[in-house]
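Just so you know, the sequence shown maps onto residues 1 to 138 in UniProt numbering. The next block holds one structure in the form of structure tokens; read it before the comments.
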Amino acid sequence: MKRLAIVVRDDAYDRLYTPLTFAYVAASKGIAVDILFVLWAVRVLTEKGAKAVKIDSRHAAEEEWFKDRVRRDGDPLEIYDFIKLVKKTGNAWFYGCRLAAATFDVDESQLIPEADGIVDSLWFLEEKAIKADHCQYF
């Protein structure tokens with residue numbers, strides 16, 4: 001595989017951990033990874049949004065257990081730190097969906113430095129997802 005496209009729509013801590021793990025593993029192996037954050041997830045591309053991430057309410061009682069496992073395994077505890085780690089591979093690009101950004105009042109000036117911009121979803125599909133060897137949706 002040379003290219004992987006990922007679409008993330010949820011902003012829950014545990015629901016972000018999986019796509020970021022897929023992105024990190026792939027990007028670490030030299031695979032180009034393009035990630036589009038849609039709906040609620042677009043907020044994660046802002047510092048305020050990344051810091052506000054909470055575990056899914058269905059798993060709230062197990063939050064400390066999960067975070068203890070993350071610490072034990074040496075993985076980044078904060079979502080923003082995980083984004084930085086993925087970006088540091090040099091093989092990952094983070095995009096916010098234009099419609100989601102408008103819905104959730106996310107302006108390009110608010111994006112974290114690791115974000116590569118706000119784009120139209122069709123652009124992402126035509127330029128990234130269709131050209132990818134595989135596309136995953138979370």
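Even glycine gets a Cβ: it sits at the ideal position worked out from N, Cα and C. A quick note: this is a predicted structure, and the numbers were derived from the prediction, not measured.
Please list the terminal residues of the continuous alpha helix (DSSP H) segment that includes residue 83. 79-88
Simplified DSSP state of residue 12, which is helix, strand or coil: coil
What do you get for residue 142, buried or exposed, if any count of 16 or more other CB atoms within 10 angstroms of its CB means buried? As displayed, the chain neither begins before 1 nor continues past 138, which places residue 142 out of reach and without an answer.
Whose CA, out of 77, 42, 38, 119, lies closest to the CA of residue 55? 77
First and last residue of the uninterrupted alpha helix (DSSP H) at residue 122: 121-124
Which term fits residue 13, buried or exposed, when burial requires 16 or more other beta carbons within 10 angstroms of its beta carbon? buried
Quick test of your reading: residue 43 and residue 11, contact by CB under 8 Å. State the CB separation rounded to the nearest angstrom. 6 Å
Note the first and the last residue of the continuous alpha helix (DSSP H) segment covering residue 39. Premise fails: residue 39 is in no alpha helix (DSSP H) and is neither H nor E.
Does the beta-carbon of residue 71 have 16 or more other beta-carbons within 10 angstroms, so that it is buried, or is it exposed? exposed
Buried or exposed: residue 34, going by 16 or more other Cβ atoms within 10 Å of its Cβ? buried
Does the Cβ-Cβ distance between residue 95 and residue 20 come in under 7 Å? no
Can you tell me the Cα-Cα spacing of residue 113 and residue 65, whole angstroms? 31 Å
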